[in-house]
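Residue numbers (my numbering), protein chains in the order written: chain B, 19 to 452; chain W, 19 to 452; chain P, 19 to 452; chain C, 19 to 452. Remarks on the structure that follows.
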């Protein structure tokens, strides 16, 4: 694993931080590039790498550098937000502008609108100096707007050059990160001193390596409310079954965490663990057993679960993701058919809280996390780091080369602590099927 | 308007309240049946009634009586909850049991389950003396469960007699109230000393006469969150349109109050005000105008709005209500078709928070209101009032004969303050159409 | 009771509303000054007034008039907020500016800062046209700032004349209303066409006549959280006693409503009901009895309760209110002394959530209420009403001459429904003492 | 660092888990004692340990073992909660009982009340099988009650033996952990097969080694509300200064995180960073500068900050902690004196939300965390681990010998990321003083 972060060049400029918060340039606080956090967490993993521990892969620590690459004076900074909504985007934007302005004295910003689309052609931009940063911190969504899909990196770089941008902060998901990688290649090709620093955003928490993505705690908190509603509804009717569909294309993190937060789900179905619906030991058999015992059930299903029950889908959405087949609809139909066939009256309710989850304001934890990510991103950018993602890795803020994120997806480990917490708490079988 | 409340008989028993809260039986607090609240609020209405003001219709005040009808000793009390969920049901149940137990010394309760179904046949019941009343006050739903639809009053009265019930508290909506009226007729026919006291429950706030139904404030608070989500989503996309469907079969109260709470809706459509969709001055024309100006729009539609655009539906649901045609689906299709036809790209999102709204716990205001309704219901029942609804009328708790509620529906007045607050705030036209 | 509202003059100008929301000038919606809401709610009160019912006192209904007094063109409007904080002030400000701008086309505003102080001398003002009205609706406090105390009406009127103000909206409490009355006298003396319209603000809900003051529901919701904390603390310790001090100088509304919302208080002490501390039947005897039974207790005390236990205080605060003696401190000391004297170990905790209550953002209900008050105030002002308060009276928005509010205080009726709900729920004695 | 965890003996019994969640005994999920997480996170730290990486200290992973020590049949389990309140205690209790019952089939529990006091003498206990575990998960506090202070380990072990307890779960803070260490020594001395497993609880987040203590996120979320209230109050008055005192005896974590969550604090004072009050560069000078610029300020102070400004305190509280001098009172007095001396009128408000913070229910994140801690504790106990603490270490659940926690305190690193996030965000000087 090549954890080397690319630098635009040597850092020769004294950081202006000391003048702003009354400190010295030789303060122990400053981070140097050789401070690194080990990738491996076990002796086995570490020794399996080979004889020389001192070569073990490790991520560069994020944080303020004593010497920086860019002269803050006249520096022009762009920000763009891409992909679906997620709690905390505005907190990141506010954090970036606050930190650039107050710590480094930057004063020129360009807010590109509606994702990469805003970097193509002659689009209107947002003047970030007139925004009430404190106010947007308690607003969901993105004041810059978003869109899905990438744009031609050549055209984007033309825009950056035209606008005189030296630093571009990119807030977006896996598709966006792939776009950022392409962007960096184009910038390198032209040998331009433009830093591209990414803050990964995904409501599914499917970004690899990092501890969790921003907004995730807020998201599963809101998802837990939907499970709670499902529980109340299910228990209030004879034969009540609530089917709560949550986000999670490839990763069941929201489903798992929300279920653990509420502890009232009887079944949690996630993309990482396939399941039989019919037959001996299948989902319907277990559901029937549950109903015969309690006369109600709460089922949480991630949108990407059970795709093995559908013919392969070829359509792609604007982000380039495969469109998912409707597992919620399938389960609803199969459950209704099953209980009709055994003459067991049920009241099935479908609950889909997706938009509520995406659009809420960040909770206190995510507010802190977004701020710290923004601070780390600013320090990285000012030091001339590029093609880099800032993230928390085992509770340390680090720099990760964007390429390392683009070929993997963070998923719930079917043998790991999280999934087993779910199994132990719901009591659902570890395996649906014969 | 005959506001006379029926009494089971003369109240001859001293209330046991004094011994419980250290007061005297002649305390000024006690309410007498001749304390009444005028139905009319204007001089015009009052004088239009005729010459004699002293005969003007007025509602009996609720509250503790010095003399009561039932001997609390050995009294057995039934509670049943019917219809859809609504915030506050458990608070009412807790309030009833608390008040009966602590103020009057009652100790026998039967909790009938799943609505009137629980009063038919030999159904299991809930022992309300083992319930943690403080805990259920912060739980949505109904610990007794609910169901829709009435049952044969003859069979229900048989059950009450079998179980030795002297007081039945009925928590339910308009269908339930009609059932309670039938029940009272049957009880009267048999000349039984059984009091039936109703606490009206409707998430749509469509009960006539009373100020508002319990749980309504909680409900529109939750609905306002959905509008907020819709606003965040709409503004974050190019051409973003959010269509939020809220409850309200015949009454647009939730839609109106939620829209006023959030102040980000551009259009509010309610059952009480019909509207043209197409043509000059129609909804689509105004929506297009709005989009051309701001490039986003938030539309709030009550489920019962725009039924004039559908052929009449004949199907009834279990509560005996006409099934509604899907106005949300119609608008979605028409909006998409319209903007496609003019080549204006939009991103339309449907948001339906119904289950979240029904199942949340009561907020502080509704907790107080439910408690006071329960206290009023208990006082009424102990005084032998029957066929009576307790409710707040112009901020006073009163007794209303159940018949008065059964032939009317509370609706938003298209010339009244509420609807005009909405028009003034959204800026939408008072009239959609030519 | 003279309910006559003063008008600056005849209304001769057509309201511009029709052009803004597509309606006709002869729409049934428009309110006329002869639409009035009866002050009395009982036949007894009404007939006690004398023979002629048509002369019974009644309040003019608020709402849009077809003809208005002021020409919106070039109209200049001032807003000032006075007294302590209360949830909803910013919602009122936003509602005023929104309504003036969007319904009437007004475009000139002066936001006076820090209460009446901002109207004296050459103070900086806030440009209300640059404020993000949607954003401030979710912010507690007042964007204009507040201060206590009145200023010389002569000087204030000089300022209004200097600034060319035609309408002054005053948001404030009882002291502020008295100031507004003086202001109107001075304006009348000079025969100036300046309208002064008040929106009463008091966190204690002590404004007479109106249903309740804005922000009150939000306030007691927050207060209920403190009671809940007190309950949790009290029950978690041996001999736990929590003493929660809530606002309420002369009125115990917050204490009563918060206690009913939480239902875990054992004792509620309010200014309206005096109580013995010592001796037979005194508070300490009942508290001891409670402790011996449950080993914990939750006591809610309004700051103005029990002032009879102190020598009279002569000091006044900046608002001209008598400084209150510290009943919380007295009770704490007396409780500790008592239980020490009987050798009963207790853990007493004092909880004072005042600032949290004052500063939270308005909840959904209060947001609606503030908006409707603001809309009513704007209609009143445009119609040239002056010296008038807008408020909800028995659920109708009405105009009340400011003088009618200035000689009374709204208090909890010791024989009324609210206080008895508290007694019935807590089980505390109706009378502390022999 | 000796990370060896003590076992009561060999694990010879097959875990009953497979029968309960349909899995095999050889499932890859099961954890073995040799799976360990490295203590060090950097190459430098690791190599500094010496030549042999395979001996590097590492913590045993928590999680279900295939073989267990105790036979669940007839096993009797005790639970005790000690020290101050903290969000999540009831979630841990519910999680322990749920997991023991549903995964292992345990059915005998003893809930000791009011901390270690409940284990001394013949105290009443709580029957945990009758508790509504789902209901207590949304209740703050501890259903078992708590108290401070340790008790004689000899007497406690006598109680455990008398009651036939095989596993004791101890939920408590640093004092409690020291008590648990003593308890284990006594158990070892008597050679008893009793496992003591601890879940560390501290609202200050001052437990060393673990990522954070349960309830911490909930706590700083609530603390952030107090800062928000302080900000609203400060900005609403001329010369408004809000002084918010937060918990944190030796550690400023709550103060730091709450300040970052709200981003409206101007100064954050914590125990880890001493500060000058007077003189050149002192706190008052900076505060004055801030006031002259903005005319308001928000100050957050941890209760243990600035103890260097007091003569040493000798008094200990019941937990054996030194009583802290009142830094809030000192700052209030000094600030008032200073601004009086320079004739600058201020309005200073003290806000102390401590009880609100301690007693709230756990948020969704902490609910999950408490559940996972409980599950880990149960697995550890069933495997016969003793004298062990379960905690999350770099996002892995591990077993830590209790001794390792008892000689250290987790503190904010004055050169670390957290403190510098605060400095960068507030803009306060890194050093107060000349």
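Note that CB positions come from ideal geometry on N, CA and C, so glycine has one too. Note that the structure is a prediction, hence the values are computed from the model and not measured.
Asked, Found
"Span of the beta strand (DSSP E) around residue 127 (chain P)", "126 to 130"
"Segment contact flag, the stretch 213 to 220 of chain C with the stretch 400 to 412 of chain C, C-beta cutoff 8 angstroms, min 3 pairs", "yes"
"Buried or exposed (CB count within 10 angstroms, at least 16 for buried), residue 27 (chain C)", "exposed"
"Listed by chain order, chain C residues near residue 441 (chain B) by CB distance under 7 angstroms", "39"
"Neighbour list for residue 323 (chain P) in chain B, Cβ cutoff strictly below 9 angstroms", "Going along chain B, no residue has its Cβ under 9 angstroms from residue 323 (chain P), so there is no contact; the nearest lies around 35 angstroms."
"For residue 417 (chain C), the first and last residue of its enclosing alpha helix (DSSP H)", "Residue 417 (chain C) -> not in any alpha helix (DSSP H); beta strand (DSSP E) instead, spanning 414 to 419."
"Which listed residue (B:48, B:101, B:80, B:136) has its alpha carbon closest to that of residue 335 (chain B)", "B:101"
"Chain P within 7 angstroms of residue 112 (chain B), Cβ atoms only", "no"
"Alpha helix (DSSP H) segments (min. 4 residues) lying fully within the stretch 189 to 275 of chain P", "192 to 208, 234 to 254"
"Rounded C-alpha distance that separates residue 350 (chain P) from residue 353 (chain C)", "28 angstroms"
"Where residue 367 (chain C) falls: helix, strand or coil (DSSP)", "strand"
"Nearest-angstrom Cβ-Cβ length linking residue 159 (chain B) and residue 108 (chain B), presumed shorter than 8 angstroms", "7 angstroms"
"Residue 85 (chain W) - partner residues in DSSP beta bridges", "W:32"
"Through-space distance from residue 20 (chain P) to residue 422 (chain P), alpha-carbon basis", "8 angstroms"
"CA-to-CA distance, residue 272 (chain P) to residue 417 (chain W), given in whole angstroms", "27 angstroms"
"Three or more C-beta pairs below 8 angstroms linking the stretch 68 to 77 of chain C and the stretch 118 to 125 of chain C", "no"
"Proximity to residue 385 (chain P) [Cα-Cα], best of W:278, W:140, W:75, W:111", "W:278"
"Close Cβ partners of residue 313 (chain W) (< 8 angstroms) along its chain, the five nearest in sequence each way excluded", "256, 257, 258"
"Beta-carbon gap between residue 299 (chain B) and residue 452 (chain B) smaller than 7 angstroms", "yes"
"Separation of residue 190 (chain B) from residue 48 (chain B), as counted between CA atoms", "28 angstroms"
"Within chain P, partners of residue 251 (chain C) - CB distance below 8 angstroms", "103, 159, 373, 376, 377"
"Unbroken alpha helix (DSSP H) run spanning residue 444 (chain P), endpoints", "435 to 444"
"4 or more residues per run - each alpha helix (DSSP H) lying fully within the stretch 138 to 193 of chain C", "151 to 154, 171 to 181"
"Terminal residues of the alpha helix (DSSP H) in which residue 374 (chain B) lies", "372 to 377"
"For residue 341 (chain C), the first and last residue of its enclosing alpha helix (DSSP H)", "Per DSSP, residue 341 (chain C) belongs to no alpha helix (DSSP H) and is neither H nor E."
"Residue 403 (chain B) (DSSP reduced to helix, strand or coil)", "strand"
"Cβ-heavy atom distance, residue 101 (chain C) to the ligand HEM, below 6 angstroms", "The ligand HEM is not among the ligands present in this structure, which contains no ligands whatsoever."
"Three-way DSSP call (helix, strand, coil) for residue 54 (chain C) in this model", "strand"
"Residue 321 (chain W) classed as buried or exposed, judged by whether at least 16 other C-beta atoms fall within 10 angstroms", "buried"
"Pick from W:248, W:193, W:96 that is closest to residue 224 (chain W), judged by C-alpha positions", "W:193"
"Minimum Cβ-Cβ distance from residue 399 (chain B) to chain P less than 7 angstroms", "no"
"Whole-angstrom distance between residue 381 (chain W) and residue 204 (chain W), CA atom to CA atom", "37 angstroms"
"Proximal chain A residues relative to residue 255 (chain C), where beta-carbon distance stays under 8 angstroms", "Here chain A cannot be found, since the structure's protein chains are B, W, P and C."
"The stretch 74 to 87 of chain P in contact with the stretch 367 to 375 of chain P per 3-pair CB rule at 8 angstroms", "no"
"Neighbour flag for residue 447 (chain C) against chain B, beta carbons, 7 angstroms", "yes"
"Residues sharing a beta bridge with residue 95 (chain W), DSSP", "W:127, W:185"
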